[in-house]
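There are 2 protein chains.
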Amino acid sequence: MASDYINALLKKEVTRTPIWVMRQAGRYLPEYRETRKKAGDFLSLCKSSELACEVTLQPLERFDLDAAILFSDILTIPDAMGLGLYFVEGEGPKFSKPLNTLDDIDRLSKPDVGNELAYVSEAVSVIKKNLKGRVPLIGFTGSPWTLATYMVEGGSSKNFSKVKGLMFENPNHMHQLLNVLADTAIDYLNNQIEAGADSLMIFDTWGGLLNKQSYEDFSLRYMSKIVAGIHRHYEGKTIPVTLFTKGGSAWLEQIALSGCDAIGLDWTIELREAERRVGSQVALQGNLDPSVLYATPEVIVTEVNRVLDQFKGKTGHVFNLGHGITPETNPENMKVLVDAVHSYNKFK
Amino acid sequence: MASDYINALLKKEVTRTPIWVMRQAGRYLPEYRETRKKAGDFLSLCKSSELACEVTLQPLERFDLDAAILFSDILTIPDAMGLGLYFVEGEGPKFSKPLNTLDDIDRLSKPDVGNELAYVSEAVSVIKKNLKGRVPLIGFTGSPWTLATYMVEGGSSKNFSKVKGLMFENPNHMHQLLNVLADTAIDYLNNQIEAGADSLMIFDTWGGLLNKQSYEDFSLRYMSKIVAGIHRHYEGKTIPVTLFTKGGSAWLEQIALSGCDAIGLDWTIELREAERRVGSQVALQGNLDPSVLYATPEVIVTEVNRVLDQFKGKTGHVFNLGHGITPETNPENMKVLVDAVHSYNKFK
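For the protein sequence lines, the chains are A and B, in the order given.
Take 12 as the starting number for the first sequence in the working numbering and just add one per residue.
Take 12 as the starting number for the second sequence in the working numbering and just add one per residue.
Dropping the structure here:
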């Protein structure tokens, strides 16, 4: 699919800077909240390919976005491994059977992804069919390190004391766990590709709380393993892969060596500086502060232009926020954002 | 006071690498929890100079630390401005009268620091007297930006939507607020110096959630104003100032230009790299990941040495964690840490 989004990731010519937004299908949209109510709970929404398709397409109805992203959760893999994912309103994800002991890790094995996670591939197929080639579809997984933090902590965490304790005390068990997760993620993403995903993201939400050495050893290494294990070329298409480590802007040079096509950036780094450091090797995605969307249309346009000016005349940039759009955002401001990106003349 | 701690901050010769630990007087110590129980609540503990002194000295009884830090809260300034600080167990700080409107900001003025915050100077005097010159005493303030986040959000926040909205929509009011806070912080720190503080820290807990431009305009600028406004030389002593922006390692070059003597580092940057970037201009403080303290003594010693090896043979380094010690930490491991730093031979 010769879209601007795919072309930008592959550093080919584009007609304009493409944009999609992390969590573009989400709680800031009233129609999303309606569908979610219909589904009952969050996990049922993820597990119904029809409803997942419905919410995936919702933002495309409203905004001129350049890509759709599969609606799912990053914790589907540990759920398929038997940890019992559930959600408590206002508290985030939890596991009923977290990894409490080294034995729990020893007992863990790669699930039958084609079976246990069939609902995800199914959702990809349904979305793909309903998209009718309008825009490319992004598939995704959580990074092994990020999945491991939830599996060991039993949910969200403040200090990540359990998972970091495990990492420092029993690095071998930690590597064992990360290997199983990486192997599972490879199958998972390959199934998404076979079902029709045109591009892939690996979300490393919690890599940024490691130090440089631990990041390389426990997070990046396993994302690199995934990148090496997936079908980058499938049925004549090149499937670009984007790695996003929140809080990882200090390590762009290392991330660029992972074999990925693009790096997602949070807003703490200037796009210009990221381009200078790794722009010859990879494409870049990002990086407007999501809280700019709390401001007036005038401010939004100014801030969008400030980002785009840093990449003027060049390809290799996909516009996005530096983190997911927040539930408090006014959907009108999302429209201002998308239109501002598209009305910017990159070549003038 | 010719201590290793002060000398390291001023990049003078030291006999060994000095160490203190953020939140060294805190919940990980059973004796702290006892005193806090005695005080009733957290704010009463801060407001009693006797009890504040008691908890300040507790870690020095157990560990061979090179500095004491005033026990207080970063939110004493907004409390003195009439916002009504209170603490809800497990939820962090709250304000009963947060800044909800632009009028609220217009009505704000610099409090009579000598009067409203006399309890802090009083605590400094009492601690200083009880320290008997054993180690230097560190005074501190929260950064204007960090104080403003709590004042506008009404407490802790997840997305900081209100304060960022204010910053983007009404930058003039934001600057007005930050100016009052900076002016107040100058008086506050000068009073701490007069009461006996030997060194100062400015804690910028939330600067790291800004982008580079906003960080310079709304956080660093006001820390620089404070640095310029305080008595750096008092009664024959030089009072070094350390700035700590959590998540600010991308901006070390800018921070080094603030006029500070030292920069506090979180653990996401290698000490070696920070030294290469700004080590000729400022001293550095940090930067072990606090979660290393969940590991075995052997791992702690290895990780301490890994940090210290990066500064071998040079002065200008104060050992610390990259963030506060966590309540879950075993005090025995704090001892392992302090002893590991002191038994390291920096010159061999």
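For every residue, glycine included, the Cβ atom is placed at its ideal position computed from N, Cα and C.
Here the structure is a predicted model, which means the values were calculated and not measured.
**Study point:** Segments of 4+ residues assigned as alpha helix (DSSP H) that fall wholly inside the segment 37-108 of chain B
**Key:** 41-50, 53-58 and 60-73
**Study point:** Beta carbon of SER235/A nearer than 9 Å to that of LEU200/A
**Key:** Judged by beta-carbon spacing, LEU200/A lies beyond the 9 Å limit of SER235/A, meaning their Cβ atoms are not closer than that value.
Point to revise | Near the ligand GDP: THR157/A beta-carbon under 8 Å from a heavy atom | key: With respect to the ligand GDP, the structure offers nothing, as it holds no ligand at all.
Review point. Is it true that the CB of VAL349/B sits closer than 9 Å to the CB of LEU68/B?
Key: no
Exercise for review: Quick one: using the 10 Å Cβ neighbour count with 16 as the cut-off for buried, is ASN356/A buried or exposed?
Suggested key: exposed
Check your understanding: Cα separation between CYS57/B and GLU339/B?
Key -> 22 Å
Exercise for review: Taking all protein chains shown into account, decide if GLY176/A is buried (16 or more other Cβ within 10 angstroms of its Cβ) or exposed.
Suggested key: buried
Exercise for review: Check whether the Cβ atoms of HIS334/A and TRP278/A sit closer than 9 Å, and answer yes or no.
Suggested key: Taking 9 Å as the cut-off, the beta carbon of HIS334/A is found closer than this to the beta carbon of TRP278/A.
**Study point:** Interface positions of the segment 144-177 of chain A facing chain B (Cβ-Cβ less than 7 Å), listed along the chain
**Key:** ASN170, PHE171, SER172, LYS175 and GLY176
**Study point:** Length of the line joining the Cα atoms of PRO122/A and THR195/A
**Key:** 7 Å
Exercise for review: Could you pull out every residue in the same chain whose Cβ sits closer than 7 Å to the Cβ of LEU231/A, ignoring the five residues on either side in sequence?
Suggested key: GLN265, ILE266 and SER269
Check your understanding: Going by alpha carbons, who is nearest to GLU24/B out of SER14/B, ILE30/B, VAL32/B and TRP31/B?
Key -> Cα-wise, what sits closest to GLU24/B is SER14/B.
Review point. Under 9 Å between C-beta atoms, does LYS346/B make it to chain A?
Key: no
Practice item. List the endpoints of the continuous beta strand (DSSP E) containing HIS328/A. Key: 328-332
Review point. For PHE214/A, is the classification buried or exposed, using 16 other Cβ atoms within 10 angstroms of its Cβ as the cut-off for buried?
Key: buried
Practice item. Evaluate PHE358/B with the Cβ neighbour count: other Cβ atoms within 10 Å of its Cβ, from every protein chain shown; 16 or more gives buried, anything less gives exposed. Key: Exposed, since its Cβ has fewer than 16 Cβ neighbours within 10 Å.
Review point. Over what stretch of residues does the beta strand (DSSP E) that includes GLY290/A continue unbroken?
Key: Segment: none, GLY290/A is in no beta strand (DSSP E) and carries neither H nor E.
Review point. When you compare only the Cα positions, how much space is there between VAL315/A and VAL352/A?
Key: 7 Å
Practice item. Would you tell me roughly how many angstroms separate the C-alpha atoms of LEU20/A and VAL347/B, rounded to the nearest one? Key: 49 Å
Review point. List, in order along the chain, the chain A residues whose C-beta lies closer than 8 Å to that of GLY258/B?
Key: GLY258 and THR279
Exercise for review: Using a Cβ cut-off of 9 Å (strictly closer), state whether ASN222/A contacts chain B.
Suggested key: True, the Cβ-Cβ gap to chain B drops below 9 Å.
**Study point:** Proximity winner among LEU276/A, PRO41/A and SER225/A, relative to ILE280/B (alpha-carbon distances)
**Key:** SER225/A
Exercise for review: Pick helix, strand or coil for LEU177/A, following the three-state DSSP scheme.
Suggested key: helix
Review point. How big is the Cα-Cα spacing for ILE336/A and TYR305/A?
Key: Per the coordinates, the alpha-carbon of ILE336/A lies some 10 Å from the alpha-carbon of TYR305/A.
Check your understanding: What did DSSP end up calling LEU221/B once you bin it into helix, strand or coil?
Key -> coil
Practice item. Residues of the segment 295-324 of chain A with a CB closer than 7 Å to any CB of chain B: list them in chain order, please. Key: ASP300, SER302, VAL303, TYR305, ALA306, THR307 and VAL310
Practice item. State the DSSP-derived secondary structure class of LEU404/B, mapped to helix, strand or coil. Key: Residue 404/B is absent from the structure shown; chain B starts at 12 and stops at 359.
Review point. When Cβ atoms are compared, which residues of the segment 13-30 of chain A fall closer than 7 Å to chain B?
Key: none
Review point. Would GLY333/A count as contacting chain B if we go by Cβ distances under 9 Å?
Key: yes
**Study point:** Residue interval of the beta strand (DSSP E) (run including GLY150/B)
**Key:** 148-153
Point to revise | Buried/exposed call for ASP320/B, threshold 16 Cβ in 10 Å | key: exposed
Check your understanding: Got a sec? Which residues, its chain only, sit under 8 Å from THR26/B by beta carbon, not counting five neighbours each side?
Key -> ASP15
Check your understanding: Do you know how far the Cα of LYS223/A is from the Cα of PHE82/A?
Key -> 31 Å
Practice item. Tell me, please, which residues DSSP counts as bridged to SER168/B. Key: SER168/B pairs with nothing; no bridge assigned.
Practice item. Figure out for me which residue from ALA208/A, LEU192/A and HIS184/A has the closest Cα to the Cα of LYS140/A. Key: The shortest Cα separation from LYS140/A among ALA208/A, LEU192/A and HIS184/A belongs to ALA208/A.
Review point. Using the rule of at least 16 other Cβ atoms within 10 Å of the residue's Cβ for burial, across every protein chain shown, is ALA79/B buried or exposed?
Key: It is buried - the Cβ of ALA79/B has at least 16 other Cβ atoms within 10 Å.
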